[in-house]
Each structure stands twice: as C-alpha cells, then as structure tokens.
Amino acid sequence: AKEHPAYTFRDYSAILYLNEDFEGGNFYFTELDAKTVTARVRPQCGRVVGFSSGEENPHGVEAVKKGQRCAVALWFTLDPRHNERERVQADDLIKMLFSPEEIDLSQGEQSQEKVQTNEKHVDKESEKEDQPVAIQETDSAEDRKS
Numbered sequence: 004a005k006e007h008p009a010y011t012f013r014d015y016s017a018i019l020y021l022n023e024d025f026e027g028g029n030f031y032f033t034e035l036d037a038k039t040v041t042a043r044v045r046p047q048c049g050r051v052v053g054f055s056s057g058e059e060n061p062h063g064v065e066a067v068k069k070g071q072r073c074a075v076a077l078w079f080t081l082d083p084r085h086n087e088r089e090r091v092q093a094d095d096l097i098k099m100l101f102s103p104e105e106i107d108l109s110q111g112e113q114s115q116e117k118v119q120t121n122e123k124h125v126d127k128e129s130e131k132e133d134q135p136v137a138i139q140e141t142d143s144a145e146d147r148k149s
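Quick note: the sequence shown uses the working numbering, first residue 4, plus one each step.
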C-alpha cells in the first residue's frame, strides 16, 4: 500500500531513454524480496519503460560503469486533485466552443453518417450536371493546420 508521504500520487511511472552510449545502467525489476531479478531492460535511445507504480513492481537501476546515462523519469496520476489547471481550462473552453459531435471525432458512426450525407448531396449535384464527382477524405498535416 502506498503510504504518505511516499509518492502516493504516482499511479504509473515511465522512463524515456535519451542515449545509449554508456556501459551499465540497465533498468531491472525484482521479486517482492527486491533481490531476485525478474526482468532486465537495456537502455536504448527512444525506448520507454512504463509500469504501475505500486509495490507490485519493485525496480532499480544498475550502476553506470562508463559514460553518462541520460533519461527522463515520468510519473502519472489518476487523482483528479492533481489535474493541471491549464488542461482543465482548455477542456472547458473546448466544450464551450464546440458541439459534442465536433469534439468526439473518434466515433466512427458519426463520421460515417457525415460522409454518407455528403455523398447524397454530391450525388444530387452530379445528377444535375450529369458528371461524376469523387469525394476524398484526407487527414494530412495541411488539413490539421486549418
């Protein structure tokens, strides 16, 4: 159990490795006895090791024998008391500016309905002009900028 004051807000931990030009410095997990190594991770630039932060994951780092090990330690919490004020304000602003359909782009049904509606509209227009019309949906970087 997490007991105060020992990082009670840490639900998940991660380490992002920034280099690999050193010797030693392996990350490892152990059994609850903190002696029996169960897994060892060799750092590589860009590799991320993530795990739950509870007592179920005792871990450590071997000494660096040569060079310098560069890494970023990250901690995540699910505790709403630690929400970032700016993030909460941004979420509120998005909710205020956009309708729920515009915000939730992950639901395929709504996107599919919009595509079908657009196709029906185009079909009616193409019937008038008697010319084929193609619709192509893209998600390029240019589209996201506008």
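All residues carry an ideal CB built from backbone N, CA and C; glycine is no exception. Please read all numbers here as calculations on a predicted model, not as lab measurements.
- Here DSSP, grouped into helix, strand and coil, assigns residue 100 to helix.
- Taking 8 Å as the cut-off, the beta carbon of residue 45 is found no closer than this to the beta carbon of residue 60.
- Residue 88 has its alpha-carbon roughly 15 Å from the corresponding atom of residue 81.
- Residue 83 and residue 57 have their alpha carbons spaced roughly 18 Å apart.
- Residue 99 and residue 38 have their C-alpha atoms roughly 53 Å apart.
- In the three-state DSSP reduction, residue 26 falls in the strand class (E or B).
- CA-CA distance, residue 12 to residue 76, rounds to 15 Å.
- Close CB contacts of residue 40 within its chain, under the 6 Å cut and outside five residues either way in sequence, are with 31 and 33 (chain order).
- Assigned with DSSP and collapsed to three states, residue 13 falls in coil, not helix or strand.
- Contact between residue 53 and residue 20 does not hold, since their C-beta atoms are separated by about 12 Å, which reaches or exceeds 8 Å.
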